[in-house]
Amino acid sequence: MGTTNNQLRHIAIIMDGNGRWAQKHGLPRNVGHQKGAETVLEIARAAKEMGVKYLTLYAFSTENWKRSPEEVEGLMNLLRNYLSRNFKQLAQEDVRILFIGERQMLASDIQKQMQHLEQTTENNKSATLLVALSYGARQEIVQAARLLAEKVKSGDILSKDIDEKTFSDMLYTKGVPDPDLLIRTSGEQRLSNYLLWQMAYTEFFFTPTYWPDFTKDELKNIIEQFQQRERRYGKA
Ligand code: FPP
193 MGTTNNQLRH IAIIMDGNGR WAQKHGLPRN VGHQKGAETV LEIARAAKEM
243 GVKYLTLYAF STENWKRSPE EVEGLMNLLR NYLSRNFKQL AQEDVRILFI
293 GERQMLASDI QKQMQHLEQT TENNKSATLL VALSYGARQE IVQAARLLAE
343 KVKSGDILSK DIDEKTFSDM LYTKGVPDPD LLIRTSGEQR LSNYLLWQMA
393 YTEFFFTPTY WPDFTKDELK NIIEQFQQRE RRYGKA
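According to the numbering used here, the residues represented by the sequence shown are 193 to 428, in order.
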C-alpha cells in the first residue's frame, strides 16, 4: 500500500456525542454542547494549519428542531455567542465563513449576524469554514430541483442541458470542492442527511471519541490514515 498522498482539500465533520459526553460527566446536555463548541475552534484552527482549504461542520440539522425546546434554545444561544465572538476571531485569522442550510428557519438576529460574517469574510483566503445550520441534504437537493424547474419554466435553461455541474451549482455548496474525507465522532456510523450529493466519493472515518474530547492530534492521526487509502473513483 504505502503512502498515496491523496489530495485533501475538504474535510466534513459530524460533531456527534455532546449529549453522551455530558451524561458521562453527570452534566446537563447543554454543557456538552458548550464543550463541543470549544472543540470547534480548536479543530477549525488545526485544519487550517494543516493546509486544509475547506472544513464543513454539521452544527444543527433540520431534524434537530425536534429536540426539546430547552435544548434548541440552548443551542441557539450558544450560536449567538459564537457568531459574535468565536467566529469573529476566525474571521480575523483570514478564514472565510459560509453558512449552508435553511437559514430562514433561524431567528432574524441570528440570520443578520450570519450574513454579516459572510460579507465581511468574503475575501479571506487562508481557509473556508462552512457551518451547516438547519441543514438537511434531501431538502437541499429538493430546493435545487425546484430552482432548476423554475429556470426551465422561464426559459433560462433547456431541460436537456441539465447535467451534474448545473445541478451542483444549485446547491448551497456551489463552487466548493466535494469533501475528500468525512469524520463522524461518537461511534455512530451513519450519514444523518448530511451532504448526500457531495459525498458520492468521500472516504469515511468513524471514531468512538465524543466530540468534546476530539483533539487536533486525533485529527492528524485520521489524516495520516486517509493518506494510506487508495481512492479509485470506480476505476479498476
Ligand atoms: C451532536 O451531539 C451535536 C449537535 C446536535 C450539535 C453540534 C453543536 C456543537 C458542537 C456546538 C455548537 C456549535 C457551534 C458552531 C455554535 P448530540 O447532542 O447528538 O450528542 P448525543 O448523540 O450524545 O446525544
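By construction, the Cβ of each residue, glycine as well, lies at the ideal position given by its N, Cα and C atoms.
These numbers come from a predicted model, not from an experiment.
TODO: Please report the residue range of the alpha helix (DSSP H) in which residue 468 lies.
DONE: As displayed, the chain neither begins before 193 nor continues past 428, which places residue 468 out of reach and without an answer.
- [ ] For the stretch 280 to 288 and the stretch 303 to 314, state whether three or more C-beta atom pairs, one from each stretch, are separated by less than 8 Å.
- [x] yes
Task: Per-residue burial, residue 194 [other beta carbons within 10 Å of its own, 16 or more giving buried] - done: Stepping through the sequence shown from its first residue, residue 194 is reached at position 2. Confidence in residue 194 is poor, its pLDDT being 49 and thus under 50, which makes the residue's placement too unreliable to answer from.
Open item on the list: Please determine whether the Cβ atom of residue 267 lies at a distance below 7 Å from any heavy atom of the ligand FPP.
Closed with: Against the sequence shown, residue 267 aligns to sequence position 75. At least one heavy atom of the ligand FPP is nearer than 7 Å to the Cβ of residue 267, so yes.
Open item on the list: the ligand FPP and residue 219: does any heavy atom of the ligand fall closer than 7 Å to the residue's C-beta?
Closed with: Stepping through the sequence shown from its first residue, residue 219 is reached at position 27. False, no ligand heavy atom lies under 7 Å from that Cβ.
Task: Helix, strand or coil at residue 262 according to DSSP, with G and I counted as helix - done: Position 70 of the sequence shown, counted from the start, is the residue given in the question as residue 262. Three-state result, residue 262: helix.
Open item on the list: Using a Cβ-based criterion (distance less than 7 Å to any ligand heavy atom), does residue 232 qualify as near the ligand FPP?
Closed with: In the sequence shown, the residue the question calls residue 232 occupies position 40. Answer for residue 232: yes, Cβ within range of the ligand FPP.
TODO: Return the first residue and the last residue of the alpha helix (DSSP H) that residue 424 is part of.
DONE: Against the sequence shown, residue 424 aligns to sequence position 232. Note, residue 424: premise wrong, no alpha helix (DSSP H); not H, not E.
Open item on the list: Can you look up residue 329 in the DSSP assignment and give me helix, strand or coil?
Closed with: Here residue 329 refers to the residue found at position 137 of the sequence shown. Helix at residue 329.
Open item on the list: Taking only three categories from DSSP, how would you classify residue 339?
Closed with: Taking the first residue of the sequence shown as position 1, residue 339 is located at position 147. In the structure shown, residue 339 sits in a helix (DSSP, three-state: H, G or I).
Task: Chain-order list of residues whose beta-carbon lies under 8 Å from that of residue 306 (same chain, five-residue window excluded) - done: By one-based count along the sequence shown, residue 306 stands at place 114. Counting only Cβ-Cβ distances below 8 Å, and skipping sequence neighbours, we find 275, 291, 295, 298 and 325.
Open item on the list: Rounded to whole angstroms, what is the Cα-Cα separation between residue 241 and residue 347?
Closed with: Numbered from 1 along the sequence shown, position 49 holds the residue referred to as residue 241. Numbered from 1 along the sequence shown, position 155 holds the residue referred to as residue 347. Each residue's alpha carbon lies about 46 Å from the other.
Open item on the list: Need the endpoints of the beta strand (DSSP E) that residue 253 sits in, please.
Closed with: Within the sequence shown, residue 253 is the residue found at index 61, counting from 1. Element bounds for residue 253: 246 to 253.
TODO: Within the same chain, show all residues whose beta-carbon is closer than 7 Å to that of residue 336, passing over the 5 residues directly before and after it, in chain order.
DONE: As a first step, residue 336 must be located in the sequence shown, where it is residue number 144. If we look at residue 336 and ignore the five residues flanking it on each side, its Cβ neighbours are 359, 362 and 363.
Open item on the list: Taking the beta carbon of residue 423 as the centre, do at least 16 other beta carbons fall within 10 Å, making it buried, or is it exposed?
Closed with: Here residue 423 is taken as the residue at index 231 of the sequence shown, counted from 1. Classification of residue 423: exposed, given that the 10 Å Cβ count is below 16.
Open item on the list: Can you tell me whether residue 202 sits near the ligand FPP, meaning its C-beta is under 7 Å from at least one heavy atom of the ligand?
Closed with: Position 10 of the sequence shown, counted from the start, is the residue given in the question as residue 202. False, no ligand heavy atom lies under 7 Å from that Cβ.
Task: For residue 321, the nearest candidate out of 227, 198 and 234 (CA to CA) - done: Indexing the sequence shown from 1 puts residue 321 at position 129. When only C-alpha atoms are compared, the closest one is 234.
Open item on the list: I want to know whether the stretch 404 to 423 touches the stretch 276 to 285 - three or more CB-CB distances under 8 Å.
Closed with: no
Open item on the list: Suppose contacts are defined by Cβ-Cβ distances below 8 Å. Is residue 411 in contact with residue 394 by that definition?
Closed with: The sequence position of residue 411 within the sequence shown is 219, counting from 1. The sequence position of residue 394 within the sequence shown is 202, counting from 1. No, they are not a contact pair.
Open item on the list: According to DSSP, simplified to helix, strand and coil, what is residue 290?
Closed with: Position 98 of the sequence shown, counted from the start, is the residue given in the question as residue 290. Reduced to three states, the DSSP call for residue 290 is strand.
TODO: Classify residue 338 as buried or exposed, calling it buried when 16 or more other Cβ atoms lie within 10 Å of its own Cβ.
DONE: Here residue 338 corresponds to residue number 146 of the sequence shown, with the count starting at 1. Classification of residue 338: exposed, given that the 10 Å Cβ count is below 16.
- [ ] Compare the C-alpha of residue 244 against each of 370, 344 and 389 and name the closest.
- [x] Locating residue 244 in the sequence shown gives position 52, where the first residue counts as 1. Looking at the Cα atoms, 370 is the closest of the given residues.
- [ ] Let me know the secondary structure DSSP gives residue 308 once reduced to three states.
- [x] As a position in the sequence shown, residue 308 is number 116, starting the count at 1. Helix.
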